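Residue numbers (my numbering), protein chains in the order written: chain A, 1 to 117; chain B, 118 to 228.
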């Protein structure tokens with residue numbers, strides 16, 4: 001099956017710093033990637049939809065200036081958490097939509113655990 | 118707006134039992150539905166994608182059914198094993214691309 005990677009898997013940073021998370025589709029090209037956030041014992045909440053070569057579409061309540069998304073190529077999308085604060089600590093997961101074979105299955109990365117001190 | 122409910126929230130059974138996990142959704146105008154498993158602290162693994170034109174989809178010991186008209190999907194796990202312990206999530210789409218997740222069913226299979 002299709003493989004999606006994320007880097008780093010864990011990151012600890014100080015309050016006020018910025019953190020960049022990478023999401024890569026390893027064996028397929030993804031015109032659309034998605035970024036989710038998951039708090040402990042809760043389900044995934046979509047943050048934004050990232051389309052290659054265009055601006056991301058953010059869900060209601062997600063600050064676009066705080067969570068910067070770049071999708072510069074068909075295999076890479078990045079999420080930058082700017083001026084991170086402890087309340088941004090969460091599990092961030094990306095997914096990539098495979099080509100239409102299979103009906104548009106989304107494949108998920110392994111996630112990045114962000115801890116802001 | 119799509120809303121998803123999964124029942125039960127948690128399930129603990131002995132090894133070998135056959136299980137049914139339930140998912141209900143409010144917007145039946147969907148073109149497919151995915152089932153995923155999530156292990157603690159990990160990402161999601163896609164288990165099955167069932168198209169709206171299908172009523173069932175099978176992969177090994179897993180069988181997913183979809184009844185669009187009633188807004189329901191079920192995941193059937195046959196002959197459960199301890200390795201099946203995980204949280205199972207169903208995700209119908211909202212619109213063309215977005216997936217909406219339920220809270221999941223946390224499954225524990227006891228040896």
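Ideal Cβ positions, reconstructed from N, Cα and C, are used throughout, including at glycine.
In this text the structure is predicted, and so the values were computed from the model without any measurement.
* Where DSSP assigns a beta bridge to residue 58(A), which residues make up the other side? -> 48(A)
When DSSP builds the beta bridges, which residues end up paired with residue 173(B)? 182(B)
query = So residue 218(B) is in the beta strand (DSSP E); what residue range does that whole segment cover?
reply = From DSSP, residue 218(B) is part of no beta strand (DSSP E); its letter is neither H nor E.
Min CB distance residue 159(B) to chain A below 8 Å: yes
With 9 Å as the C-beta to C-beta threshold (strictly closer), list the residues of the stretch 86-115 of chain A near chain B in chain order. 91, 93, 94, 95, 97, 102, 103, 104, 105, 106, 107, 108, 109, 110, 111, 113
Per-residue contacts from residue 241(B) into chain A (C-beta, under 7 Å) = Absent from the model: residue 241(B). The displayed extent of chain B is 118 to 228, so no value can be given.
Is residue 12(A) buried or exposed, if buried means 16 or more other CB atoms sit within 10 Å of its CB? exposed
TODO: Go through its chain and collect everything with a Cβ distance to residue 225(B)'s Cβ below 8 Å, but skip five positions before and after it.
DONE: 127, 128, 129, 130, 202
- Let me know the beta strand (DSSP E) ranges lying completely inside the stretch 134-161 of chain B, each 3 residues or longer, listed in chain order. 136-142, 149-155
**Prompt:** When burial is assigned at 16 or more other CB atoms within 10 Å of the CB, is residue 71(A) buried or exposed?
**Reply:** buried
Could you tell me the alpha carbon to alpha carbon distance between residue 186(B) and residue 169(B), rounded to whole angstroms? 10 Å
Residues of its chain near residue 219(B), where Cβ-Cβ distance is below 7 Å and the 5 sequence neighbours each way are ignored | 121, 122, 123, 140, 206, 207
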